[in-house]
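Start counting the sequence shown at 2; every next residue gets the next number (my numbering).
Here a beta-carbon is modelled for each residue, glycine too, at the ideal position from N, C-alpha and C.
Since this is a predicted model, take the numbers as computed values, not measurements.
Only one structure is covered here, and it is reproduced in the block below.
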Amino acid sequence: MTDGQWVGLFSGGKDSSWALYRALEAGLDVGRLVTVHPESDSYMYHVPATRLAELAAESIGIPVVNVTPDAFETADVADAGAQGDTELEPLEDAVTDVADTLDDGLAGVIAGAVESDFQTSRMEGMCDRLGCELYAPLWQQPPRELADAMLTAGFEIRIIQVAAYGLDKSWLGRRLDRDALAALAALNDEYGVHMLGEGGEFETLVTDAPHMDRPIRLDYETVWAGDRGHIEITEACLGP
Numbered sequence: 002m003t004d005g006q007w008v009g010l011f012s013g014g015k016d017s018s019w020a021l022y023r024a025l026e027a028g029l030d031v032g033r034l035v036t037v038h039p040e041s042d043s044y045m046y047h048v049p050a051t052r053l054a055e056l057a058a059e060s061i062g063i064p065v066v067n068v069t070p071d072a073f074e075t076a077d078v079a080d081a082g083a084q085g086d087t088e089l090e091p092l093e094d095a096v097t098d099v100a101d102t103l104d105d106g107l108a109g110v111i112a113g114a115v116e117s118d119f120q121t122s123r124m125e126g127m128c129d130r131l132g133c134e135l136y137a138p139l140w141q142q143p144p145r146e147l148a149d150a151m152l153t154a155g156f157e158i159r160i161i162q163v164a165a166y167g168l169d170k171s172w173l174g175r176r177l178d179r180d181a182l183a184a185l186a187a188l189n190d191e192y193g194v195h196m197l198g199e200g201g202e203f204e205t206l207v208t209d210a211p212h213m214d215r216p217i218r219l220d221y222e223t224v225w226a227g228d229r230g231h232i233e234i235t236e237a238c239l240g241p
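Below is the structure:
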């Protein structure tokens, strides 16, 4: 691996959390986390509850850099590809700034990409421009095996948003455990729901994991709109 420190792209969701966990297991020196907070739907980034990434980062013990919603505007972008490029710009600027503060410079970027060429190709391009490596340990791995590995490692994962046929209000706030995985496997067979929610079918928050010193405790309300919904977090803190 290249000399220097690593930057983890971190939303607090299961994929970026698992990528970070695997990086730490592999002995990578992770100097910073970077969290992008989109204002609305995004082609590039996990959207819901990203503000809780700061709590997760505190529990993990790695400083986090926040990229705020007003750092990019995509309203006038004509198509998805151009929007993805536009959304990448503030992230690349943030990683460039962070690189200047790292011991021995930037070794690479850690990303939780699973199957999205749209996202991964842009991350690879960014790393090429920055002269660093991309570490993407989830890339093209079997989704069910990844989910099983997360649970075996001791990840506590909560579903915080759903938007897919077969996922009803009862899934909001549900813990992603073995029973939930079995139910998702059945929904995958019946409706094509992705086991990791890769198509935006569901979004998650990791509330506890082996690399976290303290769990995240949540109070929330459920918001349901007929065929999709999310949890509205009213209070969050790090537990004992």
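Residue j beta carbon less than 8 Å from that of residue i
{"i": "V68", "j": "V37", "result": "yes"}
{"i": "C133", "j": "A164", "result": "no"}
{"i": "F11", "j": "L25", "result": "no"}
{"i": "L92", "j": "A58", "result": "no"}
{"i": "G28", "j": "W7", "result": "no"}
{"i": "L197", "j": "V115", "result": "yes"}
{"i": "H195", "j": "P143", "result": "no"}
Counted within 10 angstroms of its Cβ, other Cβ atoms place residue i as buried (16 or more) or exposed
{"i": "A183", "result": "exposed"}
{"i": "A1", "result": "Nothing can be reported for residue 1, as the shown portion of the chain is limited to 2 through 241."}
{"i": "T235", "result": "exposed"}
{"i": "C128", "result": "buried"}
{"i": "G240", "result": "exposed"}
{"i": "H231", "result": "buried"}
{"i": "G62", "result": "exposed"}
{"i": "F156", "result": "buried"}
{"i": "D4", "result": "exposed"}
Bridge-paired residues (DSSP) for residue i
{"i": "Y136", "result": "I111"}
{"i": "I217", "result": "L239"}
{"i": "R33", "result": "V8"}
{"i": "G230", "result": "V163 and W225"}
Range of the contiguous alpha helix (DSSP H) that encloses residue i
{"i": "E55", "result": "A54 to I61"}
{"i": "E202", "result": "Taken as a continuous stretch (DSSP letters only), E202 belongs to no alpha helix (DSSP H), as it is neither H nor E."}
{"i": "T153", "result": "P144 to A154"}
{"i": "M196", "result": "Note, M196: premise wrong, no alpha helix (DSSP H); not H, not E."}
{"i": "D118", "result": "D118 to L131"}
{"i": "S18", "result": "K15 to E26"}
Residue i CB to nearest heavy atom of the ligand COA below 7 Å
{"i": "D105", "result": "Of the ligands one can find in the structure shown there are none, so the ligand COA has no counterpart to examine."}
At least three beta-carbon pairs within less than 8 Å, the stretch 203-213 to the stretch 114-128 | no
Contact between the stretch 192-203 and the stretch 167-179: three or more CB pairs below 8 Å?
-> yes
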